[in-house]
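Remarks on the structure that follows.
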């Protein structure tokens, strides 16, 4: 029995195809022979009757018979040669088709099988044996052999599907995990259906390796989950930032403006005290200006747009060094080399977040921010001597919405086609962003 793919469109009417082909082949020989015989008899009899004397009639009939044998033999030889040539062409076409089918199955990581209901004979394709890494001699003559190499937790589902196929001709289309002969576990999609063959009921099926597609689907779902979590955290961070700005404006800026307003009202009501009161108001205006400038720098330093991330980070580290109990230093090994504008924000924000985390959570006393280039990559590194932390656990909590710091640094690095590496131990923590730069 030839192997048939699960998508074959074979129908019960196809069972008569070999018999029909034999009949057609016989007719292709019989009809020309019949035509030759009838034509020869009619024409030769007329010729003998018209032109051959009666005394030579017997000899003429013998000659006529001899010619007929020769002509009919030549005709049969010609027809047989044509049929043989057609058969060879058909055989070559079938062989090419079989080779193409085998190649297609190999490329598609797919194997096939057939089983006849009359003899319980099962034929496994060579591609299926290769796919499952099994010696064909170990593949039992039973469709349910597939259960033996199916992961234990998936066996009940596949057993139920095969039982329905065998008992009620219900088509199978399911994905299960299988353990190959070499021990590797793969995901496969099993499709099967029941047909009617000239020998009786026929089961045909395919087994396709979908491990790569399954992993891609899982990664896509994981990325979708991360994106949803990040979007939620970004909204929460946005609202938190707005609350902080609102509080800053109300508690600091608003109060200072109210104070200046009261001072100026007193100056209007007491002209003799106006110079002193105006001077006091101007002092508060100066403080207000500095406070507004500080808020603006916290949101986005102007240096980042004017001079780039190196100058902005130098300003940030010097500011933190003055304000924090830790020693904060910047070391740039870039020289006069400029960082591509597309990396300015990512470079600054990643370093800023890592520096903030080291000061706020790491209890660090020394923090070094390093900018360097290796090959076509820009490295932003923040080293500290703090208490360290559980990187994997912190990343899981961050993805669950506990905080945005690690996730935001990772996402900024990945959006720049780079990656974030975090290594931490007591007394030694390194946050390193590796961002691709255009070749020099």
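Residue numbers (this note's numbering): 3 to 442. Backbone N, C-alpha and C define an ideal beta-carbon position, used for all residues, glycine too.
- Within the same chain, Cβ atoms closer than 6 Å to the Cβ of residue 156 are found at 178, 179, the five residues on either side in sequence being excluded.
- If you compare the alpha carbons of 137, 163, 208, 172 with that of residue 182, the shortest gap goes to 137.
- By the CB criterion at 8 Å, residue 187 and residue 210 fall outside the cutoff.
- At a Cβ-Cβ threshold of 8 Å, residue 384 and residue 369 count as neighbours.
- By the Cβ rule, the stretch 213-224 does not count as touching the stretch 123-132, because fewer than three pairs are nearer than 8 Å.
- Assignment of residue 195 by DSSP, reduced to helix, strand and coil, places it in the strand class.
- Short of 7 Å from the beta carbon of residue 397, and not among the five residues preceding or following it, lie these beta carbons of its own chain, in chain order: 408.
- At a Cβ-Cβ threshold of 8 Å, residue 406 and residue 415 do not count as neighbours.
- Annotated as proximal: residue 434 and residue 381, with beta-carbon spacing under 8 Å.
- Linking residue 205 to residue 143 through their CA atoms gives a straight-line distance of about 13 Å.
- A buried status is given to residue 420, since no fewer than 16 other beta-carbon atoms sit within 10 Å of its beta-carbon.
- DSSP, read as helix, strand or coil, puts residue 133 in helix.
- The beta carbon of residue 312 lies closer than 6 Å to those of 334 in the same chain, with the five residues before and after it left out.
- By the CB criterion at 8 Å, residue 422 and residue 411 fall inside the cutoff.
- In the displayed model, residue 143 falls within coil according to three-state DSSP, outside both helix and strand.
- The beta carbons of residue 115 and residue 100 sit no closer together than 8 Å.
- In this structure, the CA atom of residue 235 is about 41 Å from the CA atom of residue 158.
- Taking 8 Å as the upper bound for CB-CB distance, residue 259 and residue 269 are not in contact here, some 15 Å apart.
- At the C-beta level, residue 251 and residue 286 stay beyond 8 Å of one another.
- In this structure, residue 344 keeps its C-beta atom at 8 Å or more from the C-beta atom of residue 371.
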